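For reference, the structure is listed below as structure tokens.
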Amino acid sequence: MRLLALTAAVLLARAPAPEICGALNVTVSPGPVVDYLEGENATLLCHISQKRRKDSLLAVRWFFTRPDSQEALMIKITKLRVVQYYGNFSHSTYRQRLRLLEERPGALYRLSILTVRPADQGHYVCKVQEISKHRNKWTAWSNGSSEMEMRVISLKASEDSSFDKKKATWAFFEDLYVYAVLVCCVGILSVLLFTLTIIWQSVFSKRKSRARHYLVKCPQNSSGETVTSVTSLAPLQPKKGKRQKEKADIPPAVPAKGRKLACNYP
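Going left to right, the sequence shown walks through residues -17 to -1, 1 to 249 as mature numbering (1 follows the signal peptide of the UniProt record, and there is no 0) numbers them.
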């Protein structure tokens, strides 16, 4: 009996004990938020690394959730690489639009959503479970999950946004047109004011030239002093029919000695 007990203890000690369930490194791309136009094809990739066992298999599940609803299982690829649809996503309308493929075994899985609709907007979660056989039983060794948000832009909203952008652009150019007109008006007014100033200066100079003043220098008198007189040229008077007799020039009186002599010229 003791021998049997020792043998059983040795066999149990040699048998591999199951490892503690750990976490896989799971990431989803693109993310964390991606925008798609209505009618486009969306591609979501689930990257998996840090498997705990080389001979293990992976079960990949995709969940869909909205802010106003609970998390729902969409599609799953089993450890035997069989694709299964769940809930409302098992209907033919969804089955034709959903594709889950294994790009690289145990490393990369691709979820394709064809012709996205506004109803496809929400959060998508990729949950992966590592499974292998232990003592003829399937045992989960590790798991991991990652999520992303997909936003769907409707065509109407896209057209409205493009129209708003065009409207804003036209408004900008309209403002530039108004500014250009104002600048042109200011320039034209400046040219007119400059022209009026030049004309006024020319007219004023002509009027001023009609009354010029000249300084006339008289010859030196007996005392040696110089006398100057100021004369002005008046505009010519029209000739009369009859000429007036010129008055005889009267010689100026001889000034006394020591006085200044003023000479007046006609």
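Beta carbons are placed, not taken as given, at the ideal position from N, Cα and C, and that holds for glycine.
Note that the coordinates shown come from a computational prediction; the quantities given were computed from them, not determined experimentally.
| Check | Outcome |
| --- | --- |
| Neighbourhood of Asp158 by C-beta, 7 Å cutoff - its chain only, sequence neighbours within 5 removed | none |
| Spatial neighbours of Thr61 in its chain, beta-carbon cut-off 7 Å, leaving aside the 5 residues before and after | Ala42 and Gln67 |
| Cutoff 6 Å; reference Leu216; Cβ partners in own chain excluding five residues on either side | Bear in mind that a pLDDT of 44 at Leu216, under 50, signals an unreliable position, so the number given afterwards is only what the model happens to contain. Excluding residues within five positions, none has a Cβ falling inside 6 Å. |
| Residues of its chain near Gln104, where Cβ-Cβ distance is below 7 Å and the 5 sequence neighbours each way are ignored | Met133, Arg134 and Val135 |
| Start and end residues, beta strand (DSSP E) containing Thr48 | Leu40 to Thr48 |
| Proximity winner among Glu130, His106 and Ala151, relative to Pro50 (alpha-carbon distances) | His106 |
| Classification of Gly170 by the beta-carbon crowding that lies within 10 angstroms, buried from 16 upward | exposed |
| Alpha helix (DSSP H) segments (min. 4 residues) lying fully within the stretch 53 to 91 | 75 to 78 |
| C-beta atoms of Leu27 and Ser125 nearer than 8 Å | no |
| Rounded straight-line distance, which links the Cα of Asn119 to that of Asn24 | 42 Å |
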